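Right, here's the structure in full:
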C-alpha cells in the first residue's frame with residue numbers, strides 16, 4: 001500500500017497565488033486565517049488523513065456494511081473510532097460559524113482540507129460532508145428555535161445528517177415525488193413514504209441522525225413547486241433535547257455497490273407504524289429551494305472528491321512507475337530501468353498531474369469566490385463572485401468528476417495487468433470514483449443546468465464577463481515573451497469557447513433539441529478552458545516567483561511529476577509548473593476545438609437518428 005503524502009506544496013502555492021488567501025484573510029469574518037494558522041491546519045489535516053483515514057480505507061472497502069435483522073447497519077471496523085476522533089478534533093465545523101460551534105475559517109482552507117479526506121477515505125468522509133451541507137441549509141432556512149435544537153449538534157458531529165430526495169419511481173425527477181406529510185394539531189407533521197439511495201441513512205456512529213426529507217403537503221400543487229422540506233430525526237427528543245423514543249423511520253435495505261463499500265447506501269421507509277414525526281423546515285411548498293442549498297454544497301464537495309480521488313490514484317501510479325522495472329529504455333536500449341522512463345508512461349503521469357493541478361486550482365479559486373461572495377464589503381465584487389460560482393457550479397461538479405474518473409482509469413493503465421488485481425489497491429479508487437459523475441446530479445443534468453439555466457436564461461451575460469477575465473489573463477501571458485506558446489494555446493481554447501457560446505445563444509430558443517444535444521460537450525469545453533485558465537495563472541505566478549529569485553525559465557525543470565512536498569519557491573518546482581502548463585495546452589487544450597465542433601454538429605445527427613433504429 002502506498003503511503004499518502006498530502007500535496008501541500010501544490011495546495012499552498014494555489015492558495016497563495018491563485019485563490020488569494022491573503023486577500024480573503026483580510027475580509028471581515030476571515031481574519032483568523034493567518035499564514036501560520038493555515039499552514040498548521042493543512043499539516044495537521046495531512047497527518048490525520050495519512051495516519052487515521054488512509055489505514056482503514058482498503059479494509060473498509062473489503063469489509064463493507066451489513067444490515068442486521070433489527071434494521072441496524074453495521075459499518076466497517078475502525079469507522080467508529082475514526083469518526084469519534086474526527087468529530088472531537090472539530091474538523092466538521094472548520095468553515096461553519098463560530099456561534100454554532102464551528103471555527104469560522106474560510107472556504108478556501110476547508111476545501112483543501114476536505115480534499116485530503118476524500119483522497120484517503122471517501123466512503124468514510126461522505127458522512128461528515130453531509131453534516132456540512134445540512135448545516136448550511138439549517139443556517140438559511142431554520143427558525144431560531146430549530147437552530148437551537150438541531151444545528152449545534154450537526155456542526156459538532158454529535159448527530160449525523162442525511163438528505164432524502166430520491167424515490168423508487170422518481171429517480172432524478174423530483175416532480176414525481178410521492179412521499180406525503182400530514183399536519184398535526186401540535187404543529188408537527190406525520191410523514192409517509194420511501195426514499196432510496198440515502199447515504200448513511202442508518203448507522204450507529206452518532207447518537208442521532210437528522211434526516212432532511214422532501215414530501216408533499218395535502219394541498220400541495222403538482223410538480224416540484226409542491227415539495228416541502230422536513231426535519232425528521234431518527235430518535236425523537238426528550239424535554240432536555242436529548243434522543244429518546246425511536247421515530248417511525250427505518251432502513252429496510254442497503255445497496256450492494258460497485259464502490260464506496262464502507263458507506264451504507266440505504267432505502268429508508270417512513271411511516272410504517274402511524275407516521276414519522278417531522279418538522280417543517282422553511283416555507284411550505286418551498287422545500288426544493290432549501291434542499292438545493294444543501295445540494296449545491298454537496299455538488300461542490302463532489303467536485304472536490306474528483307480531485308481527491310484522482311490525486312490518490314496518481315500517487316499510487318507514480319510510486320508504481322518509479323519502482324516497476326520492465327522492458328528496455330525505448331531511447332537508450334538500457335535494461336533494468338523503471339517504467340517511468342517509457343515515454344508513454346511518462347505521458348500518462350504528466351497528463352494526470354496537469355489535470356489535477358488544473359482541477360485543484362479551479363476548485364480552490366471557486367472556493368475563494370464563495371468567501372468573497374459571503375464576506376466582501378463591496379457589493380459589486382461580492383455579486384460578481386456569486387455569479388461566477390453559480391455559472392461554474394455545474395463545471396465544478398461535472399467536469400471535475402469526469403476528469404477524476406479519467407485519472408483513476410489512467411492510473412490502472414500505468415499499473416498494467418496488476419492494476420486489474422484488487423490486491424494492488426488501485427482498483428478501489430477506480431470503483432469509488434465511478435459514482436461521482438452520477439450522484440448529486442449526473443453529468444447530463446449538470447450540462448442541461450449549465451446551458452439552460454446558467455447561459456440561455458441570462459443570455460450569456462456572466463459567461464461574457466468570465467470570457468473578459470480569460471482574455472485579461474491571455475494579455476498577461478502575451479506580455480511575457482517566454483510564455484508565448486502558452487498564450488497561443490490558451491487563445492485557441494478561448495476562441496473555441498466563445499464560438500460555441502455564440503452558437504448556443506443564437507440557436508437556443510429556435511433549436512433547443514440541437515443545443516441540449518451538445519450540453520455535456522459544452523460543459524467539458526468550459527471545464528477544459530477554465531482548467532487551462534487556471535494553469536495559465538499558475539505559469540504566470542511561477543514565472544513571477546522565478547524572476548524575483550533571479551532564476552530563468554529555460555533551465556532544467558525536472559521530470560515535472562513532483563511529489564507534492566517541499567518549498568514552493570524551489571526553482572525546479574516552479575519551472576516544472578510552467579512546463580506542466582505547456583504540456584496541458586499541447587495535449588489537453590486542443591480538445592477544446594473538438595468539444596466546440598461537437599456542440600455545433602451533434603444535434604443534427606442526433607435528430608436524424610430515429611429511436612426505432614436502436
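Residue numbers (UniProt numbering): 1 to 614. We treat Cβ as the ideally placed atom computed from N, Cα and C, and that holds for glycine. All figures in this text were calculated on a predicted structure; none of them were measured in a lab.
Shown here, residue 65 sits in coil according to DSSP, grouped into three states, outside any helix or strand. In terms of Cβ geometry, residue 14 and residue 357 form a close pair [threshold 9 Å]. In the same chain as residue 58, and ignoring 5 residues on each side of it, the C-beta atoms closer than 8 Å to its own belong to 1, 425 and 428, in chain order. In the structure shown, the three-state DSSP call for residue 357 is helix. If you check the CB distance, residue 202 and residue 66 do not come in under 9 Å. A direct Cα-to-Cα measurement between residue 606 and residue 597 gives close to 14 Å. Around the C-beta of residue 459, fewer than 16 other C-beta atoms lie within 10 Å, and the residue is accordingly described as exposed.
Per DSSP, residue 245 is one residue of the beta strand (DSSP E) stretching across 243-246. Apart from the 5 residues on each side of it in sequence, residue 102 sits with its Cβ closer than 6 Å to the Cβ of 93, 96 and 155 in its chain, given in chain order. In this model, residue 91 and residue 129 are separated by some 10 Å (Cα to Cα). Under the three-state reduction of DSSP, residue 5 is assigned to coil, being neither helix nor strand. Under the rule that a run must span 4 or more residues, the alpha helix (DSSP H) segments found entirely inside the stretch 421-481 read 426-433, 443-448 and 461-479. With a 10 Å radius around the Cβ and a threshold of 16 neighbouring Cβ atoms, residue 133 comes out buried. Its chain contains 129, 130, 133, 163 and 440 as the residues whose beta carbon lies nearer than 8 Å to that of residue 298, once the 5 sequence neighbours on both sides are disregarded; these appear in chain order.
For residue 129, the secondary structure class from DSSP, reduced to helix, strand or coil, is helix.
C-alpha of residue 212 to C-alpha of residue 311: approximately 32 Å in a straight line.
At a Cβ-Cβ threshold of 9 Å, residue 571 and residue 535 do not count as neighbours. In the three-state DSSP reduction, residue 537 falls in the helix class (H, G or I). Only buried fits residue 195, as 16 or more other CB atoms lie within 10 angstroms of its CB. Under the Cβ criterion (8 Å, minimum of three pairs), the stretch 300-311 does not count as touching the stretch 229-243. The Cβ-Cβ distance between residue 388 and residue 366 falls below 9 Å.
With contacts defined by Cβ atoms closer than 9 Å, residue 436 and residue 305 form a contacting pair. No residue range can be given for residue 418, since it is assigned to no alpha helix (DSSP H) and is classified by DSSP as neither H nor E. Around the C-beta of residue 592, 16 or more other C-beta atoms lie within 10 Å, and the residue is accordingly described as buried.
Here residue 582 has 485 and 486 as same chain residues with Cβ atoms under 7 Å from its own Cβ, once five neighbours each way along the sequence are excluded. Counting C-beta pairs closer than 8 Å gives three or more between the stretch 205-223 and the stretch 169-189, which meets the contact rule. Annotation for residue 574: 542, 545 and 546 place their beta carbon closer than 6 Å to its own, counting only its chain and skipping 5 residues before and after.
Residues of the same chain with a CB within less than 6 Å of the CB of residue 478, apart from the 5 flanking positions on each side, are 487 in chain order. Counting only runs of at least 3 residues, the stretch 85-173 fully encloses the following beta strand (DSSP E) elements, listed from N- to C-terminal order: 160-164.
Beyond the five residues adjoining it in sequence on each side, residue 569 comes within less than 8 Å, by CB distance, of 545 and 549 in the same chain, given in chain order. The beta carbons of residue 443 and residue 398 sit closer together than 9 Å.
Straight-line spacing of the CA atoms in residue 457 and residue 137 works out to 25 Å.
With fewer than 16 other Cβ atoms inside 10 Å of its own Cβ, residue 47 counts as exposed. The count of Cβ pairs closer than 8 Å, one atom from the stretch 400-416 and one from the stretch 374-381, stays below three, leaving the stretches out of contact. Non-local C-beta neighbours of residue 451 in its own chain, meaning closer than 7 Å and more than five positions away in sequence, comprise 504, 515, 516, 519 and 522, ordered along the chain.
For residue 324, the CB contacts under 7 Å within the same chain, skipping 5 residues up- and downstream, are 338 and 339 in chain order.
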